[in-house]
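One line per chain: the protein sequences are A and B, in this order.
Here the first sequence stands for residues 1 to 124, numbered as in my numbering.
Here the second sequence stands for residues 1001 to 1175, numbered as in my numbering.
Ideal Cβ positions, reconstructed from N, Cα and C, are used throughout, including at glycine.
It should be emphasised that the depicted structure is a prediction, and the values quoted were computed from it without experimental measurement.
To keep things clear, I will list the structure first and then write my remarks on it.
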Amino acid sequence: MNDKNRSGQNIQEMTSEALNRRVEALSVEILSELEKSRYAALSEESRYQNRQPGILFLGGAGGIIASVVMAVMLLIKPDNQAAFPEVDMELFELVAMTEELELYEEMDFYQWLEAQSVARKKSS
Amino acid sequence: MDHFLGAVERRAYVMAEVATKSPNDALDLVQEAMITFVQKYSEKPEEEWPPLFFRILQNKIRDWYRWNKVRNRWRVWFGGKSDRPDELLSAESFVDTSAKDPMDLLSVDGLGEILTEAIGALPLRQQQAFMMRVWEGLSVAETAKTMGCSQGSVKTHLSRAIRVLREKLENFDER
């Protein structure tokens, strides 16, 4: 048992060291790409924080996108032409539901985060 | 935020690259994870950032696996070839087999490659449990939340991953 535990611990250490070496050996090209990704994310953060208030909320971002698409298609569709395909209502609902599904899937994680915050406040 | 992302980006990339075996896909996944993270959680307390970020990253890796699984099935059905990741590469192409003690092989770069490939060959859940719990050092509770499973499942996945890695190392030693 002791040998197995020691062997198991060694495997973890060896593998962690191998992964650490892999990190240290990343090429200049990869590091450059990662830096670009980071800056892209940070610019996204500032853009997101500077968004204009007063946007009409229709049940989440998916609902907003789906509604806008629907509105544009209905507004620009000429009466005398059948060039535009019929709106697939199932697809429309699926897009609108996407954000809600993610929220439900992540609900237990948000609850755990909240519990962690409360615990920290109590201990401080 | 800049400091945090700068600190995690390399490890996140290695996680994604080991999982996908594709540098380009790994870069895409890391960028997507970063963008999603700053959009959703930049206002959260900093101590919550690590499990939040790695949860997003692991979810995107999981989605990548699912998407590739579906894509490969379509390819097989239409007579094409699957893009399944290669199996563990042969040890003989990397390592000096005259060394008998596995611990001696720490000085050989090939062992690191063998172990990294072995992690990449693990089932995704075992791989995630190992990366989060062992390499990132998250607690069992944090790992469970990152993976979206119970703490018992984390321990199960981790023990199986370690057993598989140990068996691969022992098999290599017997060559």
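- Annotation: Gly1112/B to Ala1118/B spans about 10 Å, alpha carbon to alpha carbon.
- Counting only Cβ-Cβ distances below 7 Å, Ser16/A has contacts in chain B at Val1134 and Trp1135, in chain order.
- Annotated three-state conformation of Gly1110/B is helix, per DSSP.
- Taking every protein chain shown into account, the CB of Val1038/B has 16 or more other CB atoms within 10 angstroms, so this residue is buried.
- Contact note: Leu1115/B reaches chain A through Met14, Thr15 and Ala18, using a C-beta cutoff of 7 Å and chain order.
- Within a 10 Å sphere around the beta-carbon of Tyr1013/B sit 16 or more other beta-carbons, which makes this residue buried.
- Taken through DSSP and simplified to helix, strand or coil, Gly1120/B comes out as helix.
- Under a 10 Å Cβ-count criterion, Ser1150/B is classified as exposed, with fewer than 16 other Cβ atoms of the shown protein chains found around its own Cβ.
- Annotation: Glu44/A to Ile1035/B spans about 7 Å, alpha carbon to alpha carbon.
- Interface residue (Cβ-Cβ distance to chain B less than 8 Å): Glu114/A is not classified as such.
- Sorting Ala1019/B, Glu1043/B and Lys1060/B by C-alpha distance to the C-alpha of Glu1032/B places Lys1060/B at the top.
- If you draw a straight line from the Cα of Arg120/A to the Cα of Pro1045/B, it is about 11 Å long.
- It is roughly 20 Å from the alpha-carbon of Leu1115/B to the alpha-carbon of Gln1058/B.
- DSSP places Lys36/A within a helical segment (H, G or I) once states are collapsed to three.
- Burial check for Val1008/B: the Cβ neighbour count within 10 Å reaches 16 or more, so the residue is buried.
- The closest CA to that of Arg1133/B, considering only Pro1051/B, Val1164/B and Asn1171/B, is found on Pro1051/B.
- The continuous alpha helix (DSSP H) containing Gly1006/B extends over residues Asp1002 to Thr1020.
- Within chain B, the residues placing a beta-carbon under 7 Å from that of Val23/A are Arg1010, Arg1011 and Val1014, ordered along the chain.
- Taking a Cβ-Cβ threshold of 8 Å, the residues of chain B close to Ser117/A are Pro1045 and Glu1048, in chain order.
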